[in-house]
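S.K.:
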Amino acid sequence: MFGKYLVDRGILHESSLLEALEKQQAMSTSFIRLAHQSGVMTPDQVIQTLEAREKSELRFGAIAI
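Position 15 (the sequence shown) corresponds to 20 in the numbering used here; numbering is contiguous.
(1) Taking just the CA atoms, how far does Q29 sit from S35?
(2) Which first and last residues belong to the alpha helix (DSSP H) in which H18 is found?
(3) Give every residue of the same chain whose Cβ lies closer than 7 Å to the Cβ of I37, excluding the five residues on either side of it in the sequence, and list them in chain order.
(4) Any idea what DSSP makes of R38, helix, strand or coil?
(5) Given a cut-off of 8 Å, decide if I68 and T54 are closer than it, judged by their beta-carbon atoms.
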């Protein structure tokens, strides 16, 4: 899980991850959108990850790592 990776690396606090996951469920928002809106990823990082995803069978979170 990409969120766990961010917590393990000290990029994101666990409480922030839990809050984001709750919001994601409540809003049916994609992880990509949450990563961008919360400032974890820049627009360029999101675009680069999406472009790499087109060439791979990996999920967004796995590529973003």
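C-beta: ideal position from N, C-alpha, C; glycine also. Just so you know, these numbers come straight off a predicted model, no measurement behind them.
M.R.: So, from the listed chains and residues:
(1) Locating residue 35 in the sequence shown gives position 30, where the first residue counts as 1. Locating residue 29 in the sequence shown gives position 24, where the first residue counts as 1. Taking the straight line joining both Cα atoms gives about 7 Å.
(2) Within the sequence shown, residue 18 is the residue found at index 13, counting from 1. Bounds of any alpha helix (DSSP H) do not take in H18, whose DSSP letter is neither H nor E.
(3) Residue mapping note: residue 37 aligns to position 32 of the sequence shown, counting from 1. If we look at I37 and ignore the five residues flanking it on each side, its Cβ neighbours are V51, F65.
(4) Translated into positions along the sequence shown, residue 38 becomes position 33. DSSP places R38 in helix when its eight states are reduced to three.
(5) Counting from 1 along the sequence shown, the entry for residue 54 is found at position 49. Counting from 1 along the sequence shown, the entry for residue 68 is found at position 63. Yes. Within cutoff.
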